[in-house]
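Notes follow once the structure below has been shown.
There are 2 protein chains.
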Amino acid sequence: MPQLIWINGRVMPLAEAKIGVEDRGFQFADGVYEVVRIYDSKLFALDEHLERLARSSAGILLTMPMAAAKLAGEIAALTARSGVAEGMLYLQLTRGVSPRGHVFAPEPHQHTLLFYVMPLDPPAAAPPGVKLHRVEDDRWQRCCIKSIALLPNVLAKNAAAAVGADEAVFVDHGVVTECAASNFFAVIGGKLVTHPVGAKVLPGITRQILLELCPSLGIPVSERPLRESEALAAEEMFIASTTREINWVSHWDGRVVGGGSCGAVTRRLHQALRERVTG
Amino acid sequence: MPQLIWINGRVMPLAEAKIGVEDRGFQFADGVYEVVRIYDSKLFALDEHLERLARSSAGILLTMPMAAAKLAGEIAALTARSGVAEGMLYLQLTRGVSPRGHVFAPEPHQHTLLFYVMPLDPPAAAPPGVKLHRVEDDRWQRCCIKSIALLPNVLAKNAAAAVGADEAVFVDHGVVTECAASNFFAVIGGKLVTHPVGAKVLPGITRQILLELCPSLGIPVSERPLRESEALAAEEMFIASTTREINWVSHWDGRVVGGGSCGAVTRRLHQALRERVTG
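These protein sequences, in sequence, are chains C and B. Under the working numbering, the residue at position 50 of the first sequence is numbered 50, and the numbers go up by one with no gaps. Adding 1000 to a residue's 1-based position in the second sequence gives its number in the working numbering.
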């Protein structure tokens, strides 16, 4: 069966779906997106993702083209039809096609709304280790918006790949903010430390779930800016995202960190997240 | 005649040209662009634009898909065929279609290369006045790359339009950098002052031509960071771009600036630019 896409209300093979050259998503990165995990044929935390989509959309002054409940129904229908049990749903919303110009027309906006499903490997039983590559955080000041203006993230992640690392970690004037496509966490004195969401940090859905799990696990949390020197001396470091779940950090710019093995707090959080997913 | 587009070597009506959903330009803003002015059916400063395109492309580690001379020939042919005497050519180059993922494949890259012509009004005999709206410069640190990751510029320019202004001017920690789609200049003590190109300022082609014209006009130039307070007290302010040429600044956040009329240095530079274009 070909990979299917839902695009502006029509379902067709992904390879046949096309975008207009003057789509503002293509010419101006004028759009937002979401990635939702599919476990056992079910969409995980879909409501949370659609709430964030609405916030991202509002952040770029773009009205949602349909109510969340209706969108959720369309997404569920395509996911069921895809036959994918373990995978992800990619959703993108742009301000649609109009003659090229920076200023957008008043509402109602044109929209391009699309989503499609991609298979992924089933989640790992234990957190995989990852190598981080440090990159100066050169991104814009509104990273809390999940926009498609991802070129800085692409360049950072490619710089990481070029040196054999798995992910880029952004450092902004000595402060660790987040990674190119995941949030960053450290365990310091038994406390989970992560940068607050805002100008430089996306409100990750997995991040939020982990912070919600901490109290019942007895893990104290501190949302605060974290200096690079603190991170490097931390007992544990890990990263988290919808597609990665939790990965413990084994290397930082080639240097072994966190004692070279997955730490106890990381492991407990990974276990709790797995239970949340399967429970 | 329908508006024509050249896309990956084929010429077709613009409305029929389509982009793949997984074009990296659409999903990651992974691309660069140029806007070239057409005067009297001729492409103005095409070589300079293609040189900048090559630098932007190198800046995002994207190889050019064809030699500049061949590209210039294709552009000239489409421009002639368009029948547009006064207008602009829009060119966009992306890393093409591949399954979605931040990390791009090693070379040779896929490319999407396209260009098309849009008509514009003939240039004004005297510089038009424009109102600027001040916006905090929240963009990334590599604005010298003319990338399609334009969402911050779109939002700034829309904020300007929402208050009846013509253009947004970015201020970065008290320093005037550039505008959403043009470079910024002030005349202070008879000297032309503009921010150096780099992290926050695009190497504008019109900017460069103006700086080259200054010596023969006896206008001293200072490329240096310019504080907002200095700009507001300047004798003259103007902005410049390929499509605007030179516009003098009449208002800054609703406040009349530069004495409320086009200044003498601005007028001389506009005249010299017009002679360069027509000569």
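Just so you know, even glycine gets a beta-carbon here, dropped at the ideal spot from N, CA and C. Quick caveat, the model's predicted, so the values are computed rather than measured.
Problem set entry | Helix, strand or coil at residue 255 of chain C [DSSP, three-state] | Position 255 of the first sequence holds residue 255 of chain C. Looking at residue 255 of chain C - three-state DSSP - the assignment turns out to be strand.
Problem set entry | Chain-ordered chain C contacts of residue 1025 of chain B [CB-CB under 7 Å] | By one-based count along the second sequence, residue 1025 of chain B stands at place 25. Per Cβ cutoff of 7 Å: 26.
Exercise. Alpha carbon to alpha carbon, how far is residue 111 of chain C from residue 1156 of chain B?
Worked result: Here residue 111 of chain C corresponds to residue number 111 of the first sequence, with the count starting at 1. Here residue 1156 of chain B corresponds to residue number 156 of the second sequence, with the count starting at 1. If you take the alpha carbons of residue 111 of chain C and residue 1156 of chain B, they lie about 20 Å apart.
Problem set entry | Coil, strand or helix - residue 222 of chain C by DSSP | The residue given as residue 222 of chain C occupies position 222 in the first sequence. Strand, per DSSP.
For this session: For my contact list, residue 60 of chain C and residue 1151 of chain B are in at a C-beta cut-off of 8 Å; report their separation, rounded to the angstrom.
Result: Reading the first sequence from its first residue, position 60 is the one you call residue 60 of chain C. Reading the second sequence from its first residue, position 151 is the one you call residue 1151 of chain B. The pair is a contact, with the Cβ atoms about 7 Å apart (cut-off 8 Å).
Exercise. Taking 6 Å as the line, does the beta carbon of residue 243 of chain C fall inside it for any heavy atom of the ligand NAP?
Worked result: In terms of ligand content, the structure shown is empty, and the ligand NAP therefore cannot be addressed.
Exercise. If you draw a straight line from the alpha carbon of residue 1128 of chain B to that of residue 1002 of chain B, how long is it in whole angstroms?
Worked result: For the purposes of this step, residue 1128 of chain B is taken as the residue at position 128 of the second sequence. For the purposes of this step, residue 1002 of chain B is taken as the residue at position 2 of the second sequence. Taking the straight line joining both Cα atoms gives about 31 Å.
Exercise. So which of B/1005, B/1226, B/1103, B/1024 has the shortest CA-CA distance to residue 1076 of chain B?
Worked result: Residue numbering aside, residue 1076 of chain B sits at position 76 when the second sequence is read from its first letter. Considering only alpha carbons, the answer is B/1005.
Exercise. Counting only beta-carbon atoms, is residue 286 of chain C nearer than 7 Å to chain B?
Worked result: Here chain C has residues from 1 to 279 only, and residue 286 of chain C is not among them.
For this session: Report yes or no: do the stretch 1259-1277 of chain B and the stretch 1214-1222 of chain B share at least 3 C-beta pairs separated by less than 8 Å?
Result: yes
For this session: Counting only the same chain and skipping the five closest in sequence on each side, list residues whose C-beta sits under 6 Å from that of residue 1147 of chain B.
Result: For the purposes of this step, residue 1147 of chain B is identified with residue 147 of the second sequence, where counting begins at 1. Excluding positions up to five away in sequence, the list reads 1032.
Exercise. Beta carbon of residue 1132 of chain B, beta carbon of residue 1115 of chain B: below 7 Å?
Worked result: Counted from its first residue, the second sequence places residue 1132 of chain B at position 132. Counted from its first residue, the second sequence places residue 1115 of chain B at position 115. Not closer than 7 Å, so no.
For this session: Examine chain C for any beta-carbon lying closer than 7 Å to the beta-carbon of residue 1104 of chain B, and answer yes or no.
Result: Walking along the second sequence from the start, residue 1104 of chain B turns up at place 104. It does: the Cβ of residue 1104 of chain B has a partner Cβ on chain C nearer than 7 Å.
Problem set entry | residue 1137 of chain B beta carbon less than 7 Å from that of residue 1177 of chain B | Numbered from its first residue, the second sequence carries residue 1177 of chain B at position 177. Numbered from its first residue, the second sequence carries residue 1137 of chain B at position 137. Yes, the Cβ-Cβ distance between residue 1177 of chain B and residue 1137 of chain B is below 7 Å.
Problem set entry | Validate contact between the stretch 46-58 of chain C and the stretch 1040-1058 of chain B using beta carbons, cut 8 Å, 3 pairs | Because the criterion of three Cβ pairs below 8 Å is not met, the stretch 46-58 of chain C and the stretch 1040-1058 of chain B do not touch.
Problem set entry | Paired residues, beta bridge with residue 186 of chain C - DSSP | On the first sequence, residue 186 of chain C is found 186 positions in, with the first residue counted as 1. DSSP lists C/193, C/237 as partners of residue 186 of chain C.
Exercise. Mind checking if residue 131 of chain C is an interface residue toward chain B, Cβ cutoff 7 Å exclusive?
Worked result: Along the first sequence, one-based indexing puts residue 131 of chain C at 131. No, its Cβ sits nowhere closer than 7 Å to a Cβ of chain B.
Problem set entry | Whole runs of the beta strand (DSSP E) within the stretch 74-143 of chain C, excluding any shorter than 3 residues | The stretch 74-143 of chain C contains these whole beta strand (DSSP E) runs: 87-94, 112-119, 129-136.
For this session: Alpha carbon to alpha carbon, how far is residue 1126 of chain B from residue 1274 of chain B? Give it in angstroms, no decimals.
Result: Taking the second sequence and counting its residues from 1, one reaches residue 1274 of chain B at position 274. Taking the second sequence and counting its residues from 1, one reaches residue 1126 of chain B at position 126. Their backbone Cα atoms lie some 10 Å apart in a straight line.
For this session: Just the C-alpha distance for residue 1254 of chain B and residue 1166 of chain B, rounded to the nearest angstrom, thanks.
Result: For the purposes of this step, residue 1254 of chain B is taken as the residue at position 254 of the second sequence. For the purposes of this step, residue 1166 of chain B is taken as the residue at position 166 of the second sequence. Spanning the two alpha carbons is a distance of roughly 11 Å.
Exercise. Which class does residue 1244 of chain B belong to by DSSP, given the choice of helix, strand or coil?
Worked result: Along the second sequence, one-based indexing puts residue 1244 of chain B at 244. Residue state, collapsed to three classes: coil.
Exercise. Of all Cβ atoms in chain B, is any one closer than 7 Å to the Cβ of residue 241 of chain C?
Worked result: Taking the first residue of the first sequence as 1, we reach residue 241 of chain C at position 241. No, no contact with chain B.
Problem set entry | Where residue 1079 of chain B falls, given that 16 or more other Cβ within 10 Å makes a residue buried | As a working mapping, residue 1079 of chain B is identified with position 79 in the second sequence. Its Cβ being crowded by 16 or more others within 10 Å, residue 1079 of chain B is buried.
For this session: Residues of the stretch 1033-1055 of chain B with a CB closer than 8 Å to any CB of chain C: list them in chain order, please.
Result: Residues passing the 8 Å Cβ filter: 1033.
For this session: In the DSSP assignment, find the unbroken alpha helix (DSSP H) run with residue 21 of chain C in it and report its ends.
Result: Taking the first sequence and counting its residues from 1, the one referred to as residue 21 of chain C is at position 21. First-last for residue 21 of chain C: undefined, no H or E at that position.
For this session: Apply the 10 Å Cβ neighbour rule to residue 195 of chain C and answer buried if 16 or more other Cβ atoms are within range, or exposed otherwise.
Result: Residue mapping note: residue 195 of chain C aligns to position 195 of the first sequence, counting from 1. The residue is buried, with at least 16 neighbouring Cβ atoms inside 10 Å.
Exercise. Skipping 5 residues on each side, what residues in its chain have a beta carbon closer than 7 Å to that of residue 7 of chain C?
Worked result: Residue mapping note: residue 7 of chain C aligns to position 7 of the first sequence, counting from 1. For residue 7 of chain C, where only same-chain residues beyond five positions count, the Cβ hits under 7 Å are 17, 114.
Problem set entry | Spatial neighbours of residue 47 of chain C in its chain, beta-carbon cut-off 8 Å, leaving aside the 5 residues before and after | Taking the first sequence and counting its residues from 1, the one referred to as residue 47 of chain C is at position 47. Contacts found: 68, 72.
Problem set entry | Rounded straight-line distance, which links the Cα of residue 84 of chain C to that of residue 124 of chain C | As a working note, residue 124 of chain C is residue 124 in the first sequence. As a working note, residue 84 of chain C is residue 84 in the first sequence. Looking at the two C-alpha atoms, the distance is approximately 18 Å.
Exercise. Chain C beta carbons: is any one of them nearer than 7 Å to that of residue 1006 of chain B?
Worked result: Here residue 1006 of chain B corresponds to residue number 6 of the second sequence, with the count starting at 1. Chain C, which has no Cβ nearer than 7 Å to the Cβ of residue 1006 of chain B, makes this no.
For this session: Measure the Cβ-Cβ separation of residue 100 of chain C and residue 212 of chain C and say whether it is below 7 Å.
Result: Taking the first sequence and counting its residues from 1, the one referred to as residue 100 of chain C is at position 100. Taking the first sequence and counting its residues from 1, the one referred to as residue 212 of chain C is at position 212. No, the Cβ-Cβ distance between residue 100 of chain C and residue 212 of chain C is not below 7 Å.
Problem set entry | Residues from the stretch 1198-1228 of chain B in contact with chain C, defined by Cβ distance under 7 Å | none
For this session: Could you confirm whether any beta carbon from chain B is found closer than 7 Å to the beta carbon of residue 165 of chain C?
Result: Mapped onto the first sequence, residue 165 of chain C falls at position 165. Chain B, which has no Cβ nearer than 7 Å to the Cβ of residue 165 of chain C, makes this no.
Problem set entry | DSSP bridge partner residues for residue 1030 of chain B (one or two, in chain order) | Taking the second sequence and counting its residues from 1, one reaches residue 1030 of chain B at position 30. None; residue 1030 of chain B has no bridge partner.
Problem set entry | Cβ separation of residue 1193 of chain B and residue 1224 of chain B, assumed to be a contact under 8 Å, to the nearest whole Å | As a position in the second sequence, residue 1193 of chain B is number 193, starting the count at 1. As a position in the second sequence, residue 1224 of chain B is number 224, starting the count at 1. Approximately 7 Å separates the beta-carbon atoms of residue 1193 of chain B and residue 1224 of chain B; this is inside 8 Å, confirming the contact.
For this session: Could you check which residue in B/1144, B/1279, B/1087, B/1094 has the C-alpha nearest to that of residue 1205 of chain B?
Result: Sequence index remark: in the second sequence, residue 1205 of chain B carries index 205 (1-based). It is B/1144 whose Cα lies nearest to the Cα of residue 1205 of chain B.
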